[in-house]
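Per my numbering, the very first residue in the sequence shown carries number 1; after that it's consecutive.
Read through the structure below, which is laid out as structure tokens, and then see the notes.
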Amino acid sequence: MKFQELKEKITDSRATLVAVSKTHSPKEIQVIYDLGEREFGENKVQELMDKIDDLPDDIKWHMIGHLQSNKVKYIAPFIHLIHSLDRISLAKEINKEGRKAGRVIPTLLQIKIAEEDSKFGLDIDKVDSFMDNYLKRGYENIRISGIMGMATFTEDEEVIKNEFQSLESIFLHLKEKYFANDSEFSIRSYGMSSDYEIALESGSNMVRIGSLIFGERTY
Ligand SMILES: *Cc1c(COP(=O)(O)O)cnc(C)c1O
């Protein structure tokens with residue numbers, strides 16, 4: 001699919017596109033930038049740091065991969081959104097580095113929804129205890145702006161649909177219980193190249209798309 005067509009489709013659904021540029025070179029990213037895209041996602045801190053100097057500084061960078069606490073300091077000064085908050089120790093570190101950088105760093109709670117064990121994220125039954133613990137700490141330099149999730153990698157659309165619906169329920173639950181007065185808690189980051197259409201039908205308002213834009217990854 002042509003990039004513009006994809007972008008229009010996503011914009012028509014009132015969702016934000018994050019172009020996932022992991023494994024692709026600054027040159028390849030620049031091509032998509034020149035088509036008007038400004039939001040890009042990477043899943044490794046080192047790879048992101050290696051690329052940013054070669055690219056325009058009005059790019060909004062998203063960290064979409066598992067994040068080690070000791071790497072937060074590198075991205076804290078500029079990261080637009082961290083999609084992978086999944087533990088208190090990481091929230092503490094983001095808050096600390098956010099304070100140093102003089103920022104409030106926006107994050108998404110990553111929820112584990114897929115069957116596969118390999119996926120990171122908070123288990124559904126731990127979400128409330130995480131939130132209770134998090135709120136007690138009164139962190140001022142991190143904010144939670146919504147949730148992120150990944151569906152099981154399967155051809156079975158019913159499975160994917162059910163998982164996105166679970167994410168939607170969790171979002172609504174969190175909104176009602178913890179963020180009722182916080183209009184910034186609004187982001188539902190779900191949907192990738194293979195399932196973004198189902199995600200958009202299920203309430204997603206941020207999709208993370210790589211291979212459909214940049215072609216299949218070779219590693
Ligand atoms: C790689 C990746 C994507 C994009 O995957 P595609 O199938 O290439 O669209 C989205 N989200 C996360 C967390 C990823 O690691």
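All C-beta atoms in this analysis are idealised placements derived from N, C-alpha and C, irrespective of residue type, glycine included.
Residue i CB to nearest heavy atom of ligand 1 below 8 Å
{"i": "S89", "result": "no"}
{"i": "N43", "result": "yes"}
{"i": "M49", "result": "no"}
{"i": "R217", "result": "yes"}
{"i": "K126", "result": "no"}
{"i": "R188", "result": "no"}
{"i": "H80", "result": "no"}
{"i": "G210", "result": "yes"}
{"i": "I147", "result": "no"}
{"i": "M192", "result": "yes"}
{"i": "K22", "result": "yes"}
{"i": "G121", "result": "no"}
{"i": "M1", "result": "no"}
{"i": "I32", "result": "no"}
Under 9 Å between C-beta atoms of residue i and residue j
{"i": "M148", "j": "H83", "result": "yes"}
{"i": "A91", "j": "Y134", "result": "yes"}
{"i": "E39", "j": "T11", "result": "no"}
{"i": "V72", "j": "E42", "result": "no"}
{"i": "L212", "j": "S183", "result": "no"}
{"i": "I142", "j": "N95", "result": "yes"}
{"i": "R137", "j": "I88", "result": "yes"}
{"i": "S186", "j": "G121", "result": "no"}
{"i": "E201", "j": "K161", "result": "yes"}
{"i": "K7", "j": "E37", "result": "yes"}
Beta-ladder partner(s) of residue i, from DSSP
{"i": "P106", "result": "R143"}
{"i": "F40", "result": "A19 and W61"}
{"i": "M206", "result": "T16 and S189"}
{"i": "K112", "result": "D123"}
Q. Is it true that the region 147-157 meets the region 49-58, where meeting means three or more beta-carbon pairs spaced less than 8 Å apart?
A. The region 147-157 vs the region 49-58: no contact.
Q: Kindly provide the ranges of any beta strand (DSSP E) runs that are 3 or more residues long and lie completely inside the region 141-201, ordered along the chain.
A: Listed in chain order, the complete beta strand (DSSP E) runs (minimum 3 residues) inside the region 141-201 are 142-149 and 187-189.
(Q) For a minimum of 3 consecutive residues, which ranges assigned as the beta strand (DSSP E) are wholly contained in the region 47-102? (A) Counting whole runs of 3 or more residues, the region 47-102 contains the beta strand (DSSP E) stretches 60-63 and 81-85.
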